[in-house]
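A short write-up of the structure that comes next.
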Ligand code: 13P
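Numbering (my numbering), first residue to last: 58 to 397.
In structure tokens, the structure reads:
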């Protein structure tokens with residue numbers, strides 16, 4: 058493993074003013090998104106949609122890297138150019154989702170374990186050869202009465218660290234993503250407590266499994282109220298509690314933290330990131346690795362019609378730019394309206 062090279066990639070992934078586009082929806086998830094806009098989830102439609110984003114030159118100035126699904130990393134653009142080359146030509150780094158989804162965790166009703174470790178050591182060199190310089194593995198932790206269990210926290214953290222060690226051995230930067238879901242009615246403090254638990258366990262496992270932190274990027278959720286909470290915490294509270302939480306759990310050796318959006322509205326996700334960067338004096342870069350919060354607007358604008366490609370690209374560019382500003386703490390809601 059060449060740690061200096063891994064660190065260089067990790068730093069580039071969180072470069073000031075840029076963040077990551079999560080375009081790695083599994084076949085099931087992209088079908089759900091396409092169903093919502095009345096588009097058939099065919100291989101060509103998935104290619105056309107993703108290609109329109111990767112070809113948005115202005116948007117890509119704010120996108121340091123793109124997480125791809127297995128299908129996409131092998132796909133060619135309409136004109137025959139490999140999509141990874143389109144991404145690289147925008148000065149952006151191709152990445153690959155390598156987990157194989159989740160399965161029920163035995164003995165733990167309602168809880169999940171992320172799978173995909175078995176053949177991972179064999180799959181990684183092929184992705185590297187195809188241009189991937191970073192990878193993603195998502196662990197899912199749900200909050201509900203009686204859960205998460207110690208078992209779910211421990212096994213998911215262990216798998217995250219196994220994945221991270223295998224990636225680094227293959228000269229690929231692991232995005233370590235322990236996601237605490239915001240689906241329930243829990244308050245922000247319960248989210249804080251559970252996120253602290255999974256982060257502490259994850260960093261302990263990374264240490265036990267000899268993963269140097271200079272060669273990873275962390276992708277956590279924010280400390281945030283559940284979607285169904287009666288009264289949801291405001292932007293400033295989310296920003297302050299998230300920064301406090303991360304300072305307590307994430308060593309300064311980690312080059313950067315790139316948040317998932319997790320079901321926040323587009324503007325909420327931007328405002329939270331911006332408020333955190335406005336607090337300033339942070340030991341790591343704080344940026345975005347959004348899926349839904351970057352793509353909801355372009356998907357709606359596109360609706361599967363080639364006549365709408367320019368409008369979809371404009372919508373994508375707007376969100377990418379707003380989040381790029383938020384990664385510098387230079388976003389404002391006035392700017393949002395002015396540019397919209
Ligand atoms: P969301 O931003 O839609 O949560 O997706 C990010 C992601 O990659 C989840 O694994």
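We treat Cβ as the ideally placed atom computed from N, Cα and C, and that holds for glycine. Quantities reported herein were computed from a predicted structural model and do not represent experimental measurements.
Spatially closest choice to residue 189 from 211, 180 and 197, by CA coordinates
The count along the chain shown starts at 1 and reaches residue 189 at position 132. Looking at the Cα atoms, 180 is the closest of the given residues.
With residue 236 as the anchor, note down where its beta strand (DSSP E) starts and where it stops.
To locate residue 236, count along the chain shown from 1; it is residue 179. Looking at the DSSP string, the run of the beta strand (DSSP E) that includes residue 236 is 230 to 237.
Are residue 250 and residue 317 close, meaning C-beta to C-beta below 7 Å?
Numbered from its first residue, the chain shown carries residue 250 at position 193. Numbered from its first residue, the chain shown carries residue 317 at position 260. For residue 250 and residue 317, no; Cβs fall outside 7 Å.
Looking at residue 194 and residue 156, is the spacing between their C-beta atoms short of 7 Å?
Counting from 1 along the chain shown, the entry for residue 156 is found at position 99. Counting from 1 along the chain shown, the entry for residue 194 is found at position 137. Taking C-beta atoms as the reference points, residue 156 and residue 194 count as a pair closer than 7 Å.
I want to check one thing, is the minimum distance from the CB of residue 343 to the heavy atoms of the ligand 13P below 6 Å?
Taking the first residue of the chain shown as position 1, residue 343 is located at position 286. Incorrect: residue 343 has no Cβ contact closer than 6 Å to the ligand 13P.
DSSP state of residue 76 mapped onto helix, strand, coil
As a working mapping, residue 76 is identified with position 19 in the chain shown. The answer is strand: DSSP assigns residue 76 an E or B state.
Evaluate the contact criterion for the segment 344 to 357 versus the segment 66 to 79: three or more CB pairs, one atom per stretch, below 8 Å.
They touch, by the three-pair rule.
Looking at residue 347 and the ligand 13P, is the gap between the Cβ and the nearest heavy atom below 6 Å?
Position 290 of the chain shown, counting from 1, holds the residue named residue 347. It does: the Cβ of residue 347 is within 6 Å (strictly closer) of some heavy atom of the ligand 13P.
Looking at the structure shown, is residue 374 part of a helix, part of a strand, or coil, going by DSSP?
As a working mapping, residue 374 is identified with position 317 in the chain shown. Note: residue 374 maps to helix in three-state DSSP.
Judging by CA-CA distance, which residue of 382, 229, 112 and 355 is the nearest neighbour of residue 94?
Taking the first residue of the chain shown as position 1, residue 94 is located at position 37. Of the candidates 382, 229, 112 and 355, the one whose C-alpha sits nearest the C-alpha of residue 94 is 355.
Residue 217: which of 362, 297 and 273 sits nearest, CA to CA?
As a working mapping, residue 217 is identified with position 160 in the chain shown. Of the candidates 362, 297 and 273, the residue whose Cα lies closest to the Cα of residue 217 is 273.
I need the DSSP call for residue 129, collapsed to helix, strand or coil.
Numbered from its first residue, the chain shown carries residue 129 at position 72. In the displayed model, residue 129 falls within a helix according to three-state DSSP.
What is the DSSP secondary structure of residue 411, counted as helix, strand or coil?
With the chain represented from 58 up to 397, any question about residue 411 goes unanswered, as that position is not in the structure.
Whole angstroms are fine: how far does the CA of residue 61 sit from the CA of residue 229?
By 1-based counting over the chain shown, the position of residue 229 is 172. By 1-based counting over the chain shown, the position of residue 61 is 4. Each residue's alpha carbon lies about 12 Å from the other.
Roughly how many whole angstroms lie between the Cα atoms of residue 172 and residue 158?
For the purposes of this step, residue 172 is taken as the residue at position 115 of the chain shown. For the purposes of this step, residue 158 is taken as the residue at position 101 of the chain shown. In a straight line, the C-alpha of residue 172 is about 6 Å away from that of residue 158.
Cα-Cα separation between residue 331 and residue 201, rounded to whole angstroms
Indexing the chain shown from 1 puts residue 331 at position 274. Indexing the chain shown from 1 puts residue 201 at position 144. If you draw a straight line from the Cα of residue 331 to the Cα of residue 201, it comes to about 29 Å.
Which residues mark the beginning and the end of the alpha helix (DSSP H) in which residue 314 is found?
Here residue 314 corresponds to residue number 257 of the chain shown, with the count starting at 1. The continuous stretches of alpha helix (DSSP H) do not include residue 314, which lies in the beta strand (DSSP E) extending over residues 313 to 316.
Which of the three DSSP states is assigned to residue 66 in this structure?
The residue labelled residue 66 in the question sits at position 9 within the chain shown. Note: residue 66 maps to helix in three-state DSSP.
If you draw a straight line from the alpha carbon of residue 177 to that of residue 148, how long is it in whole angstroms?
To locate residue 177, count along the chain shown from 1; it is residue 120. To locate residue 148, count along the chain shown from 1; it is residue 91. Their Cα atoms are separated by approximately 27 Å.
Mind checking whether the beta-carbon of residue 247 lies closer than 6 Å to any heavy atom of the ligand 13P?
Here the question's residue 247 lines up with position 190 in the chain shown. Between the ligand 13P and the CB of residue 247, the shortest heavy atom gap is not smaller than 6 Å.
Report whether the distance from the Cβ of residue 227 to the nearest heavy atom of the ligand 13P is below 6 Å.
The residue you call residue 227 lines up with position 170 of the chain shown. Of the heavy atoms belonging to the ligand 13P, none sits nearer than 6 Å to the Cβ of residue 227.
Can you list, in chain order, the residues of its chain with a C-beta nearer than 7 Å to that of residue 358? Leave out the 5 residues immediately preceding and following it.
Along the chain shown, one-based indexing puts residue 358 at 301. If we look at residue 358 and ignore the five residues flanking it on each side, its Cβ neighbours are 365, 368, 369 and 372.
If you scan the segment 243 to 312 from start to end, which runs of the alpha helix (DSSP H) of 4 or more residues do you find wholly inside it?
The qualifying runs are 245 to 265 and 292 to 306.
Taking C-alpha atoms, which residue in 221, 262, 227 and 103 lies nearest to residue 212?
On the chain shown, position 155 is the one that residue 212 refers to. Taking only the C-alpha atoms, the option nearest residue 212 is 262.
Taking 6 Å as the cut-off, is the CB of residue 98 close to at least one heavy atom of the ligand 13P?
Walking along the chain shown from the start, residue 98 turns up at place 41. Incorrect: residue 98 has no Cβ contact closer than 6 Å to the ligand 13P.
Specify the secondary structure class of residue 86 as computed by DSSP and reduced to three states.
Looking up residue 86 in the chain shown gives position 29. Residue 86 falls in the helix class under three-state DSSP.
Just verifying my parser: in three-state terms, what is the DSSP assignment at residue 195?
Here residue 195 corresponds to residue number 138 of the chain shown, with the count starting at 1. Residue 195: strand per DSSP, three-state reduction.
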